[in-house]
Every structure is written in structure tokens, then in C-alpha cells.
Amino acid sequence: MKLLLDTHIWLWYLLGDQRLSIQLQTLIADLNTEIWLSPISIWETLILAEKGRISLRPDPVTWINLALKTLETPEAQMNHNIAVKI
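Residue numbers (full-length UniProt numbering): 1 to 86.
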């Protein structure tokens with residue numbers, strides 16, 4: 001299964017937020033699930049950190065790089081041509 005995570009789901013999963021359902025946690029953790037992340041989610045995460053809405057340690061850029069390695073999440077390169085093919 002392919003799964004494109006939005007910003008909140010990505011953050012909730014990595015931060016252990018209780019608002020993320022057990023079913024979705026299990027799906028994301030399943031090695032058979034192909035996880036994708038939009039570069040927009042990375043941008044939104046940086047904005048949330050800049051505004052003080054979330055705290056990412058040791059700093060937002062380092063946290064994001066570690067998070068991308070943790071889930072081995074490729075960036076979804078999306079445009080209308082790619083979306084139609086999926």
C-alpha cells in the first residue's frame with residue numbers, strides 16, 4: 001500500500017501524539033506500507049517551529065533530517081502528470 005502522509009500525521013507519528021489512531025500507527029509502522037511525504041510538509045513543519053507552535057530539538061532542520069531517515073521517507077515529487085498516473 002502507498003501512503004502519502006500529510007504534515008500533521010507525519011508529526012503526530014514521529015512525536016508519539018495520542019491523536020493518531022492505533023490503526024494508522026500500525027499502517028505507518030508496517031514495512032509493507034510505502035510511505036511518502038510532500039516537500040510542502042517539510043516547509044509547513046519549519047513554519048510551525050518558527051512560529052513556536054511545535055518544538056523540535058536540537059533544532060528544526062536537524063530534527064527534520066533525522067525524521068526523514070527514521071521513516072526512510074522519500075519526498076513525493078508531485079505535479080498533475082504524476083498525480084494522474086497514480
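Cβ atoms here follow ideal geometry from the backbone N, Cα and C, with glycine treated the same way.
Item                                                                                                                                                                     : Value
Can you list, in chain order, the residues of its chain with a C-beta nearer than 6 Å to that of Ala49? Leave out the 5 residues immediately preceding and following it. : Leu56, Pro60
What is the DSSP secondary structure of Glu72, reduced to helix, strand or coil?                                                                                         : coil
Measure the beta-carbon distance from Glu34 to Lys69 and round it to whole angstroms, keeping in mind my assumption that it falls under 8 Å.                             : With 8 Å as the limit, Glu34 and Lys69 do not qualify as a contact, their Cβ atoms being about 17 Å apart.
Short check: CB of Trp12 to CB of Arg19, under 8 Å?                                                                                                                      : yes
Taking the continuous alpha helix (DSSP H) assigned at Leu15, which residues delimit it?                                                                                 : 7 to 15
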